[in-house]
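Student: Residue numbers (my numbering), protein chains in the order written: chain A, 10 to 378; chain B, 10 to 378.
Before anything else, here's the structure in question.
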DNA sequence: TGCTAAAATGGTAGCACTGTCATTTTTTCT
DNA sequence: AGAAAAAATGACAGTGCTACCATTTTAGCA
């Protein structure tokens, strides 16, 4: 039997009581504890303490704290007072275990480097916060095995729901998500088979529209600058859509440059475009895997006096804020990221049937095409 | 007494079993349940189930799953097999409650819009993940009351530690952090009184160095373009340091433009600079509250053929990746954000004494001064 | 005023684990 | 082979809270 009141706690993480100017005796044994009634120094306050101080039962305290069930005004006040006095912070771990329903929402994203994901998260967060849920997030770094591990880890917190990016997961990850018993939202993409709720837009279609736009503006010698499409699957889908339209019109990319850097996409765009232009002449337009790359390409053009779009047209993807603030706004495809996050979170919480929501996108004709 | 096996669960969040092609009788009552032994359809798998299937005691299963204590190879194998067969996912909520020590780390940040915070988080996450901790994050939107509420909410998950941004908090927030019994790391700033562990750099000093740099390059008619410094306290500290150096040299800002927009900082920089230039002539340098604003200002200059730095010098703060990729790299102050996150997380986990770590910064002389 | 319905309240069994301890089994050493 | 030490194991209380139920108190009404 564990002796109550003498808890250990994680050695590393519980704060050592800092000596306040007062020297601490080092080689001295504990002074004989005051008989049996050690006042349990700074024991963590529990609902029982609050109940006792307020002179009511634990159930009543619980009811007040959760605003559930009916409690008399007088009791409510006593309890609130007692809780405040004791500086009581409810233990949601215990609450979750007892009620078998948590207020945690798991979120798994591929990265937080780009602004895209944070914006989606911001949208998600708005909704979660309003509903009193707390996000538990994991970052997979575009690694599906890491994603699988993260999903398992997050599920072990028994979240009330889970949001993941994209539709591509390992078989085991998919199985876990299917079998975990809570709602699952897959964000960002709708080109594929979803698990439960899917909220995003079609990247394939975005790629198609991009190609149609460039072809409609009579660009024919088009190059592609992107990063690794095996890592960024959605960029791959856009490329696929773009290519399809090209083929349908009897065309092909003049050349393609894949830059491996995942770290700095702007740099990848700069370097990628520089390389492409060095080995190919006669290009009249570049399709970039996203706005970061396109921005890098645009900077390259600015620096080397390549007139955009006369000498070279540029097209990106995402519709980042910054792309409409450059000297010439970039042509791109804008996705409603915040809205996507909100819609996803709302569907997650509202418990409707499994659905696929296409939030669409908007082709933004800037000054670079 | 609650009837076991007949749990309710949150109506909204538990997944409705989708009918698989098979029509579901609608107005039909439950067919008489098979005597007493309802096979508890898809009951959640617990450690007891695993123990039974493996033919061992629960404690042994627990030992295997946590790699703690000694277990025979044969038992280990049986247990692992059983766990895999049953697709068992341990319940960390219960584990946390029982062991009174969690693997959650609370994180409270002011926003996720800017890339700065995500980068710090990436650093933090690297360390947490390696150590098997899960971040629970909250976003305060630069609102200290929201921050207070978030801190309370996060503490109710009884995290093993907590990271917050900045040193300025409400009294109650500070009290909670001091009294919660776990280590606290305050990130990003070291100009002020910390609670426990502080990891960041001096914004006041950054402001000073920026001013010294501009003055050393003989700029004398300096303007300021920033956002609301009452909201972004750290930007305010930089401004304060900058001003101090100006005063020490008998100078003052020619003019200051505060743009309220928190949403798009690049736009704030663009608009802010445009306004400033409209009402003031003779400016030779602009100090921006950060790189986003500076970037906006730079774009304005590019578009309006203002030669940088001949006509106007620009100086920012953060050292964002993009600032070294613009046609002319921006002059700025680079902070080690990823490292900062790593250091903070490491100190949090390693349980040393309260400290203040100055991770410093680097003045990057670009082509805009 | 008495009687019923509704509101308020407290007791207590879980929730799914972990830590401790007692017990059993295996190994090691004379 | 027998004793002692070490390893392996299971039983079970305890973790802080919530759901449920039984009971008490109050309100409503004829």
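Ideal placement from N, C-alpha and C gives every residue a C-beta, glycine not left out.
Is DSSP giving residue 169 of chain B helix, strand or coil here?
Tutor: Reduced to three states, the DSSP call for residue 169 of chain B is coil.
Student: Can you confirm whether the region 108-126 of chain B touches the region 166-179 of chain B when touching is taken to mean that 3 or more C-beta pairs between the two stretches lie within less than 8 Å?
Tutor: With the cut-off at 8 Å, the region 166-179 of chain B and the region 108-126 of chain B touch.
Student: Could you give the first and the last residue of the continuous alpha helix (DSSP H) run that contains residue 305 of chain B?
Tutor: It spans 300-312 - the alpha helix (DSSP H) in which residue 305 of chain B sits, taken as one unbroken run.
Student: Have a look at the DSSP bridge pairing and note the partners of residue 294 of chain A.
Tutor: Bridge partners of residue 294 of chain A: A:231, A:322.
Student: Is the beta carbon of residue 279 of chain A sitting closer than 8 Å to the one on residue 132 of chain A?
Tutor: In this structure, residue 132 of chain A does not lie closer than 8 Å to residue 279 of chain A by Cβ.
Student: Whole alpha helix (DSSP H) runs in the region 205-292 of chain B with 4 or more residues, listed along the chain?
Tutor: Complete alpha helix (DSSP H) runs here, min 4: 212-225, 242-257, 274-288.
Student: What residue from A:294, A:154, A:264, A:139 has the CA that sits closest to residue 158 of chain B's CA?
Tutor: The residue with the shortest Cα to Cα distance from residue 158 of chain B is A:139.
Student: Mind listing which residues of the region 189-207 of chain A have their C-beta closer than 9 Å to chain B's C-betas, in chain order?
Tutor: Those residues of the region 189-207 of chain A that come within reach of chain B (Cβ to Cβ, closer than 9 Å) are 189, 190, 191, 192, 193, 205.
Student: For a test of the three-state rule: what should DSSP assign to residue 340 of chain B, helix, strand or coil?
Tutor: Three-state DSSP puts residue 340 of chain B in a strand.
Student: Please confirm whether residue 243 of chain A and residue 198 of chain A have their CB atoms less than 8 Å apart.
Tutor: Closer than 8 Å, so yes.
Student: Using a Cβ-Cβ distance cut-off of 8 Å, determine whether residue 365 of chain A contacts chain B.
Tutor: Answer no: the Cβ-Cβ gap between residue 365 of chain A and chain B never drops below 8 Å.
Student: Output needed for residue 134 of chain A: all residues of its chain with C-beta closer than 7 Å, excluding positions within five of it in sequence on either side, in chain order.
Tutor: Only 144 meet the Cβ criterion.
Student: Return no unless some Cβ of chain B is closer than 8 Å to the Cβ of residue 216 of chain A.
Tutor: No, residue 216 of chain A lies away from the interface with chain B (no Cβ there is under 8 Å from its Cβ).
Student: Would a C-beta distance cut-off of 8 Å place residue 335 of chain A and residue 307 of chain A closer than the cut-off?
Tutor: Closer than 8 Å, so yes.
Student: Residues of the region 348-364 of chain A with a CB closer than 8 Å to any CB of chain B: list them in chain order, please.
Tutor: Under the 8 Å Cβ criterion, the region 348-364 of chain A contributes 357, 358, 359, 360, 362, 363.
Student: Between the alpha carbons of residue 418 of chain B and residue 235 of chain A, how many angstroms are there, rounded?
Tutor: Not covered by the structure: residue 418 of chain B. The range shown for chain B is 10 to 378.
Student: From the DSSP output, in three-state form, read off residue 72 of chain A for me.
Tutor: In this structure, residue 72 of chain A counts as helix in the three-state DSSP scheme.
Student: Indicate the three-state DSSP secondary structure (helix, strand or coil) for residue 4 of chain A in the structure shown.
Tutor: Residue 4 of chain A is absent from the structure shown; chain A starts at 10 and stops at 378.
Student: In chain B, what lies closer than 7 Å to residue 266 of chain A by C-beta?
Tutor: Neighbours of residue 266 of chain A on chain B: none; closest Cβ ~17 Å, over 7 Å.
Student: Could you list which residues in chain B have their beta carbon closer than 7 Å to that of residue 124 of chain A, in chain order?
Tutor: In chain order: 124.
Student: Out of B:237, B:165, B:259, point me to the one whose CA is closest to residue 74 of chain A's CA.
Tutor: Cα-wise, what sits closest to residue 74 of chain A is B:165.
Student: Applying a beta-carbon distance threshold of less than 8 Å, which residues of chain A neighbour residue 305 of chain B?
Tutor: The answer, in chain order, is 334.
Student: Alpha carbon to alpha carbon, what distance is there between residue 55 of chain A and residue 194 of chain B?
Tutor: Distance between the alpha carbons of residue 194 of chain B and residue 55 of chain A is about 25 Å.
Student: Comparing alpha-carbon positions, which option in A:216, A:237, A:312 lies nearest residue 151 of chain A?
Tutor: Cα-wise, what sits closest to residue 151 of chain A is A:237.
Student: Taking Cβ-Cβ distances shorter than 8 Å, what residues in chain A pair up with residue 53 of chain B?
Tutor: Residues of chain A passing the Cβ test: 190.
Student: Please look up how many angstroms separate the CB atoms of residue 87 of chain A and residue 66 of chain A, rounded, as I've assumed it's under 8 Å.
Tutor: Incorrect: roughly 12 Å between the Cβ atoms, too far for contact.
Student: Is the shortest distance between the beta-carbon of residue 372 of chain A and the beta-carbons of chain B less than 8 Å?
Tutor: With 8 Å as the cut-off, residue 372 of chain A does not count as an interface residue toward chain B.
Student: So the alpha helix (DSSP H) residue 85 of chain A belongs to, where does it begin and stop?
Tutor: Per DSSP, residue 85 of chain A belongs to the alpha helix (DSSP H) from 82-95.
Student: From residue 287 of chain B to residue 281 of chain B, what distance separates their C-alpha atoms?
Tutor: So the alpha carbons of these two residues sit roughly 10 Å apart.
Student: Using three-state DSSP, classify residue 176 of chain A as helix, strand or coil.
Tutor: If DSSP states are grouped into helix, strand and coil, residue 176 of chain A belongs with coil.
Student: What residue range does the alpha helix (DSSP H) around residue 197 of chain B cover?
Tutor: Where residue 197 of chain B is concerned, there is no enclosing alpha helix (DSSP H), although the beta strand (DSSP E) it sits in stretches over 192-198.
Student: Would you check if the distance between the CB atom of residue 224 of chain A and the CB atom of residue 204 of chain A is smaller than 8 Å?
Tutor: No; because the gap between Cβ atoms is not below 8 Å, this pair is not in contact.
Student: Taking residue 188 of chain A as the reference, which of B:98, B:315, B:106, B:227 has the closest Cα?
Tutor: Nearest C-alpha to residue 188 of chain A: B:98.
Student: Give the DSSP bridge partners of residue 116 of chain A, in chain order.
Tutor: DSSP lists A:146, A:172 as partners of residue 116 of chain A.
Student: Can you tell which of A:284, A:267, A:129, A:183 has the C-alpha that lies nearest to the C-alpha of residue 327 of chain A?
Tutor: When only C-alpha atoms are compared, the closest one is A:129.
Student: Kindly indicate which three-state DSSP category residue 364 of chain B falls into: helix, strand or coil?
Tutor: Residue state, collapsed to three classes: coil.
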